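Everything in the sequence shown is counted per the working numbering, starting at 31 for the first residue and increasing by one.
Where a beta carbon is used, it is the ideal one built from N, C-alpha and C, also for glycine.
No experiment lies behind these values; they were computed from the predicted model shown.
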Amino acid sequence: MQTPADPQDRHEYPSHWEADVVLRDGGTARVRPITVDDADRLVSFYEQVSDESKYYRFFAPYPRLSAKDVHRFTHHDFVDRVGLAATIGGEFIATVRYDRIGTDGMPASAPADEAEVAFLVQDAHQGRGVASALLEHIAAVARERGIRRFAAEVLPANSKMIKVFTDAGYTQQRSFEDGVVRLEFDLEPTDRSVAVQRAREQRAEARSVRRLLAPGSVAVIGVGRAPGGVGRSVLGNLRDAGFTGRLHAVNQAFPDDLKEVDGVPAHRSVRDIEGPVDLAVVAVPAEHVPGVVTDCGEHGVQGLVVLASGYAESGQDGRARQRELVRHARTYGMRIIGPNAFGIINTADDVRLNASLAPEMPRPGRIGLFAQSGAIGIALLSRLHRRGGGVTGTTGVSTFVSSGNRADVSGNDVIQYWYDDPDTDVVLMYLESIGNPRKFTRLARRTAAAKPLVVVQGAGSAPQGHAVRATRLPHATVSALLRQAGVIRVDTITELVDAGLLLARQPLPAGPRVAIVGNSESLGLLTYDRCLAEGLRPARPLDLTTGATAADFHRALAGALADDSCDAVVVTAIPTIGEGTVGDAELAEALRSAAEGVPGKPVLVVHVELGGLAEALSAAGRTAPQAPQAPQASAPPERGDLQRPAERPPTAEAAADRTPAPPTPHPCSRLIPAYPAAERAVRALAEAVKYAQWRREAAEPGKVPEYEDIDEKGTAELIGALLERGEGLTLGVEETCALLGGYGIDVHRALPAPTPEAAAGAARDLGYPVALKATAPHLRHRADLGGVRLDLADEEQLRRAYAELTELFGPPEELRPVVQRMAPRGVDTVVRAVIDPAAGAVLSFGLAGAASQLLGDMAHRLVPVTDRDATSLVRSIRTAPLLFGWRGSTPVDTPALEELLLRVSRLVDDHPEVVAVTLEPVVVARHGLSVLGATVRLAPPPARDDLGPRTLPAY
31 MQTPADPQDR HEYPSHWEAD VVLRDGGTAR VRPITVDDAD RLVSFYEQVS
81 DESKYYRFFA PYPRLSAKDV HRFTHHDFVD RVGLAATIGG EFIATVRYDR
131 IGTDGMPASA PADEAEVAFL VQDAHQGRGV ASALLEHIAA VARERGIRRF
181 AAEVLPANSK MIKVFTDAGY TQQRSFEDGV VRLEFDLEPT DRSVAVQRAR
231 EQRAEARSVR RLLAPGSVAV IGVGRAPGGV GRSVLGNLRD AGFTGRLHAV
281 NQAFPDDLKE VDGVPAHRSV RDIEGPVDLA VVAVPAEHVP GVVTDCGEHG
331 VQGLVVLASG YAESGQDGRA RQRELVRHAR TYGMRIIGPN AFGIINTADD
381 VRLNASLAPE MPRPGRIGLF AQSGAIGIAL LSRLHRRGGG VTGTTGVSTF
431 VSSGNRADVS GNDVIQYWYD DPDTDVVLMY LESIGNPRKF TRLARRTAAA
481 KPLVVVQGAG SAPQGHAVRA TRLPHATVSA LLRQAGVIRV DTITELVDAG
531 LLLARQPLPA GPRVAIVGNS ESLGLLTYDR CLAEGLRPAR PLDLTTGATA
581 ADFHRALAGA LADDSCDAVV VTAIPTIGEG TVGDAELAEA LRSAAEGVPG
631 KPVLVVHVEL GGLAEALSAA GRTAPQAPQA PQASAPPERG DLQRPAERPP
681 TAEAAADRTP APPTPHPCSR LIPAYPAAER AVRALAEAVK YAQWRREAAE
731 PGKVPEYEDI DEKGTAELIG ALLERGEGLT LGVEETCALL GGYGIDVHRA
781 LPAPTPEAAA GAARDLGYPV ALKATAPHLR HRADLGGVRL DLADEEQLRR
831 AYAELTELFG PPEELRPVVQ RMAPRGVDTV VRAVIDPAAG AVLSFGLAGA
881 ASQLLGDMAH RLVPVTDRDA TSLVRSIRTA PLLFGWRGST PVDTPALEEL
931 LLRVSRLVDD HPEVVAVTLE PVVVARHGLS VLGATVRLAP PPARDDLGPR
981 TLPAY
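As structure tokens, this is what we get:
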């Protein structure tokens, strides 16, 4: 049924309302406005809705829509009447609409700010969270159109829809009249509504990744008839890993009579497979992928791993091909790993998925591993897998994802999955780029509060295949913000593995105090020096001499762990003449049994060319006698070894893993990590110490204080009036002082002095002593160039200084001199705030001059800043001792400085139109501070997608 469009009903189509969303079960749907071209889709959708659902929607039997109904539900002005549809495969699965009403409940236009809202969800898709997602989107649309309140009338028996409204978290009122429940709720986001939205986001995105990592059936598309090739290799990897689900080989070139390939059922198309297919691994050339996606979508495949290259990494044409791939897959509700992906792995006993190009299944363990680059993924898997070289031992992987171009599934999605994955204790990530830094830091903060998150972030430009939001922040600033969010930020993949293995094997240290015991004085002193360099507090090393026995090591380690002044122990060991594998096993068991006595303190070993010690340390935790008690939740046991047999000589660990019923590891029998160099062990320990400190502080995150003298409303009015002049505006002196004054920030007046007489008059107004400053761009904030004269006590000194400046630097019109009242002596600092389009609002602090400009000694925090953040911000810079009485100098008023930081944070958080603030210099004295210079820039605020409805990245 097609209805001709009414010209008066056609407004510009709001394409920015289109979005892809992840539903509760992990599938996806597309949300878009309903238009006049959707009449047939609407009728078809309505015919598939049950009579009961129709009754709940219209409060009466309503078997079919009339032509008038279809016209009304498809003709919208996108202002007072708006309809949205959730679609899969181009067909409607749910609709929502609002109609603006006045106080009398009748149709109205602006400025009326209330609307009636109603939903209808196809029965087959009820329970998937479709209505909740549509409510988020229709509420965002309504707010954009000036609607502040929704009203909905629901039959009492329609408990599902009542729950959609009541669970949304908005402030609401509920009444019952004439047999109908009336719900009214404000659309302004509340803390609860944002929390509900983000909790739903986490569950949905985690389930979408879980569907990829734990499929019940897998089809490999592009399996060659002859051995070799990508598709055949992946099929072999899946089979050899012991995948527990159903496996299918697909190639349209297979002859009709071919039934199996390598013992796996063979098919010419996914459509020919009987039964569902959860995951398809696509290993065909890029030009054939669209047809494969269509086949998979029509068959109901839930997700794709696209190994094919030739997409955005290959240039502009490939980028267009990648966008179309994502759109095509999302049409069917499928998510994509890739393209140009290395693959995914899940070592769980009930899954055993190796849908990747890795020829061997990694050892099972508790580490989740994410890499955008396939080459880096191979390197990380190799380092975790091998026994010899680097950090040794047998800590394994729970799940592995190599996302390639990450056109759809990204690191953010995988973090959502690992956040509450019971099989993952530590997350390691290699990120070449961060597509959504604001969301990443939010997710990282929440995840890091539950389990360690270790990240290597590429410092260069993003790879060509990655869609990345532009950021103006330096790489060092982004790294600092990640650390603020609890991320353990390291520089190399070696450090990534070093830190990850320690965190996966040992408890977090309670503090920075380190005991060092070993049989080499030199190695002990080297370890001691590295501890000092990393900011730890080591005790003098205990040298057991080269004649130390395993019993000596046991006594020394047990004594160090029992010492209340010790938070961690580093054991250093060198080989002795005649020592063999028996000695290694003996020493490993001695260390393990000693560590078992105090399970709350981490133990690390630095070994030098001890061929068997690291492996023995790993084996000791597996083969030691077990105490009859249940394992603690904080130290779940490693899962059994699933690697292919007969590939290398069996070890004690492998033998133990092959026993029918291996003993459950004692909670204290954690594997002791061994490092081949002191600096690597100490660096890993230092990162663990800093992370443990962050965890303790995150438990009490602080608060954003309220200040009674802040005039938020008046400042908003001033900003609105100033922005009427233009979109980008740097404020003048008086306007800057007025705006900052609204938030209790007093800026010392600087009066222009174009002539000596004007300078003298300004000084009389301000009162002596004064300062004379040149504010020309090349001299501003450069006291070292001589453009500033201080402590001018009278007019004679002022005129003399004026003459000197003009003689040295040129006429007044070039110098732009100003006169300012002298501030109390103190430490010059700088405070900046900027709104970055990718990361959000960032507050920065440092000392003015060379420390910040030349050395980059600045600290950064995301806004809003809490009182605890402000305290740590002041103390985070390397030159912080200058504020606290370094070398006998007078300590300055850091509480006043922290209050200033909090006020600036409040300003940019309350008013996102304030896109940049610089206070320089801020002279912090013994009592109080003085803001001597300030600049403020206003502009329309950048869009904040973190406060809007849930969406997937647009393509």
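#### Entry: Beta-carbon gap between residue 560 and residue 712 smaller than 8 Å
yes
### Task
Would you mind giving the Cβ-Cβ distance between residue 296 and residue 304, rounded to the nearest angstrom? I have them listed as a contact below 8 Å.
Not confirmed; about 13 Å, so no contact.
### Where the alpha helix (DSSP H) through residue 384 begins and ends
Where residue 384 is concerned, there is no enclosing alpha helix (DSSP H), although the beta strand (DSSP E) it sits in stretches over 383-386.
### Query
Mind checking whether residue 900 and residue 937 have CB atoms under 8 Å apart?
no
### Query
Should the region 211-227 be called in touch with the region 304-318, which here means at least 3 C-beta pairs below 8 Å?
no
### Query
How should residue 45 be labelled, buried or exposed, when 16 other C-beta atoms within 10 angstroms of its C-beta is the threshold for buried?
exposed
### Message
Using only CA atoms, which one of 966, 856, 890 lies nearest to residue 916?
### Response
856
### Task
Could you spell out where the alpha helix (DSSP H) holding residue 591 opens and where it closes?
580-592
### Task
Drop a sphere of 10 angstroms on the beta-carbon of residue 325, count the other beta-carbons inside from all chains shown, and report buried for 16 or more, exposed for fewer.
buried
### Task
Quick one: grab the DSSP three-state call for residue 939.
helix
### Message
What does DSSP give as the partner residue(s) for residue 23 in the beta ladder?
### Response
Not covered by the structure: residue 23. The range shown for the chain is 31 to 985.
### Message
Between which residues of its own chain and residue 54 is the CB-CB distance below 6 Å, once the five residues before and five after are set aside?
### Response
158, 159, 234
### Message
Tell me the DSSP secondary structure of residue 803 in three-state form.
### Response
strand
### Message
Output needed for residue 102: all residues of its chain with C-beta closer than 8 Å, excluding positions within five of it in sequence on either side, in chain order.
### Response
none
### Query
Between residue 788 and residue 860, what straight-line distance do the alpha-carbon atoms span, to the nearest angstrom?
29 Å
#### Entry: Close-in-space but distant-in-sequence residues of the same chain around residue 823 (CB under 6 Å, 5 per side omitted)
798, 799
### Query
Going by other Cβ atoms of all chains shown within 10 Å of its Cβ, with 16 needed for buried, is residue 838 buried or exposed?
exposed
### Task
Please classify residue 461: is it buried, with 16 or more other beta-carbons within 10 angstroms of its beta-carbon, or exposed?
buried
### Task
Assign residue 957 to one of three DSSP states: helix, strand, or coil.
coil
### Uninterrupted alpha helix (DSSP H) stretches inside the region 514-562 (no shorter than 4 residues)
523-535
### Query
Secondary structure at residue 373, three-state DSSP: helix, strand or coil?
strand
### Task
Measuring alpha carbon to alpha carbon, tell me which of 714, 775, 721 ends up nearest residue 739.
775
### Cα-Cα separation, residue 619 to residue 587
12 Å
### Query
Mind checking residue 979: buried by the 16 CB within 10 Å criterion, or exposed?
buried
### Message
Using only CA atoms, which one of 952, 744, 817 lies nearest to residue 964?
### Response
952
### Query
For residue 350, which of 316, 329, 337 has the nearest alpha-carbon?
316
### Task
Tell me, please, whether the region 143-157 touches the region 166-185 by the rule of three or more beta-carbon pairs shorter than 8 Å.
yes
### Task
Give me the Cβ distance between residue 847 and residue 734, rounded to the nearest whole Å; I'm assuming they're in contact under 8 Å.
Not a contact, Cβ separation roughly 40 Å.
### Query
Terminal residues of the continuous alpha helix (DSSP H) containing residue 191?
189-196
### Query
residue 942 to residue 874, Cα distance in whole Å?
16 Å
### Task
Apply the 10 Å Cβ neighbour rule to residue 209 and answer buried if 16 or more other Cβ atoms are within range, or exposed otherwise.
exposed
### Query
DSSP on residue 462, reduced to helix/strand/coil?
coil
### Query
Among residues of its own chain, excluding the 5 on either side of residue 675, which ones have a beta-carbon nearer than 7 Å to its beta-carbon?
Note that residue 675 scores 30 on pLDDT, short of 50, meaning its location in the model is unreliable; the coordinates nonetheless yield the value given after this. For residue 675, where only same-chain residues beyond five positions count, there are no Cβ hits under 7 Å.
### Query
When the Cα of residue 778 is compared with those of 841, 748, 950, 956, which residue comes out closest?
950
### Query
alpha helix (DSSP H) containing residue 415: first to last residue?
404-415
### Task
Assuming residue 512 and residue 454 form a contact by the criterion Cβ under 8 Å, report the distance between their Cβ atoms to the nearest whole angstrom.
Their Cβ separation, rounded to whole angstroms, is 20 Å, which puts residue 512 and residue 454 out of contact at 8 Å.
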